[in-house]
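Accompanying notes for the structure given below.
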Amino acid sequence: MSSSSSLGSENIIDLHGKNLQKIEKISTKQRPSILDLSCNTIEKIENLNNLNTIKELKLYGNKILVVENLDKLRQLQYLKLQHNQLKSFGSGLNCLNLHTLRVDYNNLLEIKSSQLAGCPNLRSLNVSCNNLEILSFLKVLPDLEELAASSNHISNLSDLSTCQCLRELDISDNRLTDISGIGELTTLQTLNLSGNNLGDIKSAGKHPNLTDLQIQGNKLTETEHVCTQFPNLEVLNISFNLLDSWKEVINLQNLASLTELTVKCNSFVHQYKYYHADVVKEIPSLQWLDGINVKQNKKALNNSNIRQASAYAGAVGNDLNKELESLDLSPEIINDITERFVKIRSSISKL
């Protein structure tokens, strides 16, 4: 039994969580534009061919194995199939007006180009949390604007080169060691590369429109090129990397629009415990630092200046030792410089 309602000009048939095991034929008298069959135990998509007024179809949270029997839904714009047991797109989707497709949290091993070629107007696609290794199907989706492909087994981004309209890309928690595939995607505004195996981001190219970069949980050791590659960043997360020097934070001071920065859980943090106030001084545009509202905690940060001076001296000392070791100086000169600095650091720590 269906439950019908109206939202503005939209007619809705709500069968969410009704313990349905299969899709029975639904009357077209109401001319529904939204059909919600989510959170049931449906295994097969069927008996929907007569619903040619449907614009949004919710089938998430079922046990569906194959994407099929949707070709007659000519008005379909939003299709939600996340949290099923999908293994295949069958013969493919042919939904000319489809704008948004979600098939995340399924068991897909592969999506062929031919299976999405019938959806040329697709703008938003979520294939996260599957078992995909390649994204070759993207070559038939040149107008795609949003792509979420996190938590797969992707190691190469070369297939992205055809998606010249992408504004949002989430490729987190994959197997990336190189990101040269995004070099031509100059329309990107939001980029999530977290949880990969990236040692640097030089191959990403320049992205003047990017405002949000998430690259936490990688193997970055320097930030030297961030300002030139992403000059208009407003949000940057570089936590949980291998940054071992305070200067890697100083490198970010030319990001004039940066308002939110996360740097916690890098090596330098352990050496320079009270770094927050100095980061705010170096990057005055910041409003949030490591999840802390900078403006609201300004007084507390200012009161810890003496502790920060001591910690800062320690961090700089470690950096200085590394620099001295890289210079061609005699051991006597290095020892003399080191001893002088130790005395200065000791004096500061007694303040």
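All residue numbers for the sequence shown refer to the numbering used here, where the first residue is -8 and numbers rise by one.
For each residue, glycine too, the CB sits at the ideal point set by N, CA and C.
field: Test item: CB-CB of Leu36 and Glu59 under 7 Å
entry: First, the residue type needs correcting, since residue 36 is Ile and not Leu in the sequence shown. Contact: yes.
message: Once the 5 residues before and after Ser258 are set aside, which same chain residues still bring their CB inside 7 Å of it?
response: Only residues of its own chain outside the window of five on either side were considered, and among them Leu233, Leu234 and Asp235 have a CB closer than 7 Å to the CB of Ser258, listed in chain order.
message: Classify Gln12: buried if its beta carbon has 16 or more other beta carbons within 10 angstroms, exposed otherwise.
response: exposed
message: Within the continuous beta strand (DSSP E) that includes Ala139, where are the two ends?
response: Per DSSP, Ala139 belongs to the beta strand (DSSP E) from Glu137 to Ala139.
Host beta strand (DSSP E) of Ser115 (start-end): Ser115 to Asn117
task: Below 6 Å CB to CB, which residues in the same chain sit around Gln278 once its five sequence neighbours on both sides are set aside?
output: Thr250 and Val285
query: At which residue ranges does the stretch 167 to 215 contain complete beta strand (DSSP E) runs of 3 or more residues, listed in the order of the chain?
result: If one requires a minimum length of 3 residues, the beta strand (DSSP E) runs lying completely within the stretch 167 to 215 are 181 to 183 and 203 to 205, in chain order.
task: Using only alpha-carbon positions, find the residue among Tyr266, Leu182 and Lys46 that is nearest to His90.
output: Lys46
query: What does DSSP give as the partner residues of Tyr69 in its beta bridges?
result: Glu47 and Thr91
query: Would you say Leu100 and Leu116 are within 7 Å of each other, going by their C-beta atoms?
result: no
message: Am I right that Gln73 and Tyr51 are in contact with their C-beta atoms under 8 Å? What's the rounded C-beta distance?
response: Contact between Gln73 and Tyr51 holds, since their C-beta atoms are separated by about 5 Å, short of 8 Å.
Cβ-based neighbour list, Asn242, same chain, cut-off 8 Å, excluding 5 preceding and 5 following: Glu213, Thr214, Glu215, Val217 and Cys218
- prompt: Just to confirm, are Leu48 and Gln76 a CB contact at a threshold of 7 Å?
  reply: no
field: Asn209 vs Asn228 beta-carbon contact at 7 Å
entry: no
- prompt: Taking Cβ positions, are Ser163 and Ser194 nearer each other than 7 Å?
  reply: Pairing Ser163 with Ser194 gives a Cβ-Cβ distance that is not under 7 Å.
- request: List the endpoints of the continuous beta strand (DSSP E) containing Thr253.
  value: Glu251 to Thr253
query: For Asn53, does the count of other Cβ atoms within 10 angstroms reach 16, so buried, or fall short, so exposed?
result: buried
- request: Please classify Glu239: is it buried, with 16 or more other beta-carbons within 10 angstroms of its beta-carbon, or exposed?
  value: buried
query: Which same chain residues, not among the five before or five after Ser79, have their C-beta less than 8 Å away from its C-beta?
result: Leu56, Val57, Val58 and Leu99
- prompt: Skipping 5 residues on each side, what residues in its chain have a beta carbon closer than 8 Å to that of Leu179?
  reply: Leu157, Arg158, Glu159, Leu160, Ile173, His198, Asn200 and Leu201
- prompt: Whose C-alpha, out of Glu175, Thr44, Asn31 and Gln244, is nearest the C-alpha of Gly196?
  reply: Glu175
field: Straight-line Cα distance separating Gly8 from Gln256
entry: Inspection of the sequence shows that residue 256 is occupied by Cys rather than by Gln. Cα-Cα distance, rounded: 42 Å.
- request: Taking Asp203 as the reference, give the member of Trp237, Asp169, Thr253 and Phe231 with the closest Cα.
  value: Thr253
- prompt: Under the rule that 16 or more other beta-carbon atoms within 10 Å means buried, what is Asp95, buried or exposed?
  reply: buried
task: Mark Pro133 as exposed unless 16 or more other C-beta atoms lie within 10 angstroms of its C-beta, in which case mark it buried.
output: exposed
field: 8 Å contact criterion, which Ile145 and Leu129 should meet: CB distance rounded
entry: The pair is not a contact, with the Cβ atoms about 11 Å apart (cut-off 8 Å).
Exposed unless 16 or more other CB atoms sit within 10 angstroms - verdict on Ser301: With a pLDDT of 41 at Ser301, under the threshold of 50, the modelled position of this residue cannot be trusted; read the value that follows with caution. Counting the other Cβ atoms within 10 Å of the Cβ of Ser301 gives 16 or more, which makes it buried.
- prompt: So, are the CB atoms of Leu123 and Asn143 less than 7 Å apart?
  reply: yes
task: Rounded to whole angstroms, what's the CA-CA distance from Glu136 to Asn112? Just pull it up for me.
output: 10 Å
query: What are the boundary residues of the alpha helix (DSSP H) that Gly239 is part of?
result: According to the sequence provided, residue 239 is Glu. The question's Gly does not apply to it. Lys238 to Ile241 is the extent of the alpha helix (DSSP H) around Glu239.
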